[in-house]
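Participant:
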Amino acid sequence: MKKIKVSEATNTQLDWLVAKCEGMHIQVWPARKGLRKQPEVSVYHPNTEWGKFHPTTNPAQMWPIIENMVSDGFELKQAVFSAAFQCIRVRDGTVVAGYGPTLLIAAARCYVVSKLGEEVEVPEELT
3 MKKIKVSEAT NTQLDWLVAK CEGMHIQVWP ARKGLRKQPE VSVYHPNTEW
53 GKFHPTTNPA QMWPIIENMV SDGFELKQAV FSAAFQCIRV RDGTVVAGYG
103 PTLLIAAARC YVVSKLGEEV EVPEELT
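Residues are numbered in my numbering as their position in the sequence shown, beginning at 1, plus a constant of 2.
1. Determine the DSSP secondary structure at Glu126, reduced to helix, strand or coil.
2. I need the straight-line Cα distance from Val20 to Pro57, nearest angstrom please.
3. DSSP three-state call for Ala99: helix, strand or coil?
4. Pull up the distance between the alpha-carbon of Glu121 and that of Ile67, whole angstroms please.
5. Rounded to whole angstroms, what is the Cα-Cα separation between Pro103 and Val124?
6. By alpha-carbon positions, which one of Phe87, Val43 and Asp74 ends up nearest to Gln29?
7. Given a cut-off of 9 Å on the beta-carbon distance, is the pair Val114 and Cys23 in contact?
8. Please classify Gly100 as buried or exposed, where buried requires at least 16 neighbouring CB atoms within 10 angstroms.
9. Compare the C-alpha of Met26 against each of Val45, Cys112 and Glu69 and name the closest.
10. Do Cys112 and Met71 have their CB atoms nearer than 9 Å?
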């Protein structure tokens with residue numbers, strides 16, 4: 003395992019972290035010469051079958067999580083004069099925030115930080 007900052011996590015690392023926060027069984031398929039240029043994250047959830055999990059790029063996978071975040075007091079905003087998005091939750095005077103070039107990435111970062119903190123460990127295969 004390797005420690006990283008959530009604010010610097012790649013999409014694949016964020017996909018893995020969101021799956022971890024959701025309590026899914028996760029399988030990482032490492033990158034292989036000629037087969038996969040990047041590692042692949044597959045998950046199993048009791049309500050689904052094994053499948054690819056990309057909440058950072060698949061709105062159908064991230065929106066249910068975002069809806070739960072909004073009902074839990076998170077605010078999703080587009081940063082002023084920027085293509086970046088931010089997701090913020092103020093709890094007990096502490097701001098939990100995540101930023102990213104898309105709303106899905108910003109929400110994923112915010113969700114992971116709220117559950118696991120600003121620094122997390124990811125498998126070596128994802129670094």
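Note that the Cβ used here is the ideal one computed from N, Cα and C, for glycine as well. Quantities reported herein were computed from a predicted structural model and do not represent experimental measurements.
Facilitator: Let's see:
1. DSSP places Glu126 in helix when its eight states are reduced to three.
2. The alpha-carbon atoms of Val20 and Pro57 are separated by roughly 8 Å.
3. Look at Ala99 here: in three-state DSSP terms it is strand.
4. Glu121 and Ile67 have their C-alpha atoms spaced approximately 21 Å apart.
5. Distance from the CA of Pro103 to the CA of Val124, rounded to the nearest whole angstrom, comes to 22 Å.
6. Of Phe87, Val43 and Asp74, the residue nearest in Cα terms is Val43.
7. Taking 9 Å as the cut-off, the beta carbon of Val114 is found closer than this to the beta carbon of Cys23.
8. Around the Cβ of Gly100, a 10 Å sphere holds 16 or more other Cβ atoms; the residue is buried.
9. Among Val45, Cys112 and Glu69, the Cα nearest to that of Met26 belongs to Val45.
10. Yes. Within cutoff.
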